[in-house]
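Quick note, in the numbering used here, the sequence shown goes up one by one and the last residue is 951.
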Amino acid sequence: MTEDLSPAERYQAFRIRAAEQATALAPFREMYEFGLDPFQIEACKALEAGKGVLVAAPTGSGKTIVGEFAVHLALRQGRKCFYTTPIKALSNQKYTDLVKRYGADKVGLLTGDNSVNGDAPVVVMTTEVLRNMLYAGSQALAGLGYVVMDEVHYLSDRFRGAVWEEVIIHLPDSVTLVSLSATVSNAEEFGDWLDTVRGDTEVIVAESRPVPLWQHVLAGRRMYDLFEEETDHGGRGAGRREVNPDLVRLARMENQRGYNPRERRRGKMVREADRERERRQRSRIWTPSRPEVIDRLDAEGLLPAITFIFSRAGCEAAVQQCLQAGLRLNDDARRRRVREIVEERTASIPAEDLHVLGYYEWLEGLERGIAAHHAGMLPTFKEVVEELFVRGLVKAVFATETLALGINMPARSVVLEKLVKWNGEQHADITPGEYTQLTGRAGRRGIDIEGHAVVLWQRGMDPGALAGLAGTRTYPLRSSFRPSYNMAVNLVQQFGQHRSRELLETSFAQFQADRSVVGISRQVQKNEEGLEGYREGMTCHLGDFEEYARLRRELKDRETELAKHGASQRRAAAAASLEKLKPGDVIHVPTGKFAGLALVLDPGLPAGRVNGHRGLEYYDGPRPLVLTVERQVKRLAAIDFPVPVEAVERMRVPKSFNPRSPQSRRDLASALRTKAGHIVPERHRRGRAEAADDQVIARYRAELRAHPCHGCAEREDHARWAERYHRLQRDTKQLERRIEGRTNTIARTFDRIVALLTELDYLRGNEVTDHGRRLARLYGELDLLASECLRAGVWEGLNPAELAACVSALVYEARQADDAVAPKLPSGPAKTAMGEMVRIWGRLDALEEDFKINQAEGVGQREPDLGFAWAVYMWASGRTLDEVLREADMPAGDFVRWCKQVIDVLGQIAAAAPGAGAADGSSSVARNARKAVDAVLRGVVAYSSVG
């Protein structure tokens, strides 16, 4: 090929190759066995050029390559790189990967649970750790050149998302930011914001998956393709995707099952035929059991597979069902290898704890190649499952959706049992974003030619809706940023109130709110132009027609108001007259379809006002049941009585009267005509209208007649323009109110928080008090409550176990609220202290209400939850794991997770308590907090596979 080039062209090609070899990217590319994709190369080149990057690409596409290039650049330049992740498990995994590549001396880990080589040039950490470093002005930030924010789309999370924005806003300008995100539909908008707050940022969006994804529905014995075969399956192309007509027919056939109500009276033999047909249909359509699904996938060569079940108990039950069904996915050699790895990884766990943790049942599943994966499991157990799955020694994993977040566990297939999950408040359909995240695990790059997403058939499934989920490849990134008390004092301490306010206005939340205002602002401008034209149209040479139009409008409003009042009074009088009716009253129905003479059978009084009468009760006013002279029995309504009604006669209703009997109705109607047919009803005379005597209306009419514009020949033309002007002006004011509600929203919330902190003496203008400096060191949802407890000395005199119990109330939140059962609490000082904590929270809650700080908006202090206090008290007191878990009725993984969060806050309290820094260690709270950390950090809580 080069022989065809001229000498000049060959020299130019040599120059290009030499330039590429001189870059940092060239040796980096040689570190990988596979070639880099175009989007990875583009992002790496932008990084080397000194730009920040936002990479938005599907799950499994290799976004982290770009993050690893930032690590490579930092080491090459002699600078530091912090690699942040949203969860500790992902941090541990990334730490392990980087240690393999660069060595343990160059890589550190900081997650709150683990602190390994924190001064290394490359440190993997959770995002909260970096946020805390920034506020504390940590020395570790010196020499920082790059920050990688993996899974940056996590800033949408309503509980923790604000931390990502805090980090992005507060990082020094000298730091280059690498943001790695799932495919989001507003990547350009997010990139524009990054460009605003971080400087030059390149946005790289990759839409196509590296491994094509085929979508299926498994119903009964058959696996259907979700889309027709000739259309685009894998997300590579942009072809139009039609839903498989076989699936549509299946759904239609299922919807037609059952019996037609109109055919109920058909013979018994026909109904038996219906049942038989339904049985045949049911034999073709059913939701396969979990063992059947795994067996089918194994037969089709679609293992390893991850089955997402949105329930921890469901995951555990699925493993047991597969074991009971006799499924074995590993041969003897693989079984032995599994046992070796498991025994090696769990060697540090005492034998008595293994029994409590269900180790032997867990191991049996692993040996057969089957496992569960969820947050309720011991972290060590989860990590073993992940390792065995990646090695191909576990072929079927039943997992909750937490597995979909970043952890490197790609599979050939992903199975979704249902498309509905519990979101913490209610059962809701999964979103297109969640569907993309979950199914993104299917298809292992470099191993599988294609990935497979399998949805199990469920009764009532709509294939079109499923196709919509599968076809929506992206979802929008929405900020969840809200100021907190800790954030406020840290900002004011560093920047003062005015600068802090400006910084918060640079948040992505405010950026999005301001952008949403742009379209409304344009509409306001158009409206203002229209108002100018309408104003010209209503101009009158005789005087101010705008003033004349206002008088007409006010006159009309007053007349409408009085008319409504009059109608309301008439309705009330009519209802009152209906309430006086009794069975046997003869009345004249004034209007409606049944106007004329009628006999009251039942007054139909509203609930609670039956006046001793047995009859139906109604909540919308009296509804008398009457017999008309036309022999009809009807239930009348208030609309049939626009005016009050009175009984014109009375007659007895026979006890034998049956309203369903035509003869009975005919006899009573005849008696009614005989008794009252000759009575002529009095015509109701409507009283004088209120408007006739209203002084305000009289004044308006006088002013209108006296106005110069009243005599204008074109008055009604002007009036039409004036009415249009008024309507448009009203619409414009509504739009302006919407704009006002959306602009400066973050800053206004910050102002309210500052006002409350000033009231509590945490702030004095731009000065942060001693109380404020203590609050600045307390991070968490209940930061202000923790600070107030320290301030009031609530925890003074508590021993370490009692202090741990009290602190648990600041972090623990029950998965499901259970108000029926009061939690068990330690007695004595701890119980008293917890009662005082709840009282302080009540005072803060009332104060937040006064300052209009709304918990529904993600700001403010929730009520402390005492549900974990007894468990952590027992554990810190030295009780065994078996005793604690039995008493707490809690999975081991949850217990460990909550204990680690308690340890985290105890560490903060040890550093923030009054006198914590004293040389003599005079603060009993700080001293006991450190002892409590040691008491809780033992046994299963201390086990870690890292470091």
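From the three backbone atoms N, C-alpha and C, an ideal C-beta is built for every residue, glycine too.
Note that the structure is a prediction, hence the values are computed from the model and not measured.
Spanning the alpha carbons of A946 and L254 requires a straight line of approximately 53 Å. Across the structure, E304 and W218 are spaced so that their CA atoms are roughly 14 Å apart. It is roughly 46 Å from the alpha-carbon of L789 to the alpha-carbon of A469.
The C-beta of T63 has 16 or more other C-beta atoms within 10 Å across all chains shown, which makes the residue buried. Burial state of P90 is buried, judged by a 10 Å Cβ sphere holding 16 or more other Cβ atoms. The C-beta distance from A322 to F393 rounds to 15 Å, too long to fall under 8 Å, and the pair is not in contact. Ranked by Cα distance from Y99, the first of L481, R80 and N121 is N121. Secondary structure of C544 (DSSP, three-state): strand.
The alpha-carbon separation between Q529 and C713 amounts to approximately 30 Å. Between the beta-carbon of I750 and that of S525 there is about 19 Å, and that puts the pair past the 8 Å contact cut.
Membership of R639 in the beta strand (DSSP E) is indicated by the continuous run V637 to R639. Between the beta-carbon of I173 and that of V201 there is about 6 Å, and that keeps the pair under the 8 Å contact cut. Scanning the stretch 354-430 from its first residue to its last, the whole alpha helix (DSSP H) runs of 4-plus residues come out as 355-360, 363-371 and 383-394. In this structure, E653 and I683 form a Cβ contact; the two beta carbons are roughly 6 Å apart against a cut-off of 8 Å. The straight-line gap separating the alpha-carbon atoms of A513 and L481 is approximately 10 Å. If you check the CB distance, D250 and K55 do not come in under 8 Å. Counted as a single uninterrupted DSSP element, the alpha helix (DSSP H) harbouring Y877 occupies residues A873 to A880. In the displayed model, K828 falls within coil according to three-state DSSP, outside both helix and strand. The DSSP-derived three-state label of T564 is helix. Residue range D589 to V593 is occupied by the beta strand (DSSP E) that includes D589. Between the stretch 869-883 and the stretch 800-809 there are three or more inter-stretch CB-CB distances shorter than 8 Å, so the stretches are counted as touching. If you look at R226, you'll find it in the beta strand (DSSP E) that goes R226 to D229.
Fully contained in the stretch 309-362 are the following alpha helix (DSSP H) runs of length 4 or more, in chain order: 316-328, 336-349 and 355-360. Assignment of K104 by DSSP, reduced to helix, strand and coil, places it in the helix class. Taking a contact as a CB-CB distance under 8 Å, the pair L222 and R300 counts as one, their CB atoms being some 7 Å apart. In this structure, DSSP gives G82 a state outside helix and strand, which the three-state scheme calls coil. For D606, the uninterrupted beta strand (DSSP E) run begins and ends at G600 to D606, by DSSP. If you look at A61, you'll find it isn't in any beta strand (DSSP E); DSSP assigns it neither H nor E. If you draw a straight line from the Cα of A850 to the Cα of Y766, it comes to about 18 Å. If only uninterrupted alpha helix (DSSP H) runs of at least 4 residues are considered, those enclosed by the stretch 125-211 are 131-140, 166-174 and 191-202. Each of L230, I913, V152 and A917 was checked against the Cα of V937, and the nearest Cα belongs to I913.
With 16 or more neighbouring CB atoms inside 10 Å of its own CB, I434 falls in the buried class. The beta-bridge partner set that DSSP reports for Q219 consists of A457.
The count of Cβ pairs closer than 8 Å, one atom from the stretch 31-47 and one from the stretch 66-73, reaches three, so the stretches are in contact.
Straight-line spacing of the CA atoms in C903 and V940 works out to 7 Å.
Of the other Cβ atoms in all chains shown, 16 or more fall within 10 Å of the Cβ of V103; this residue is therefore buried.
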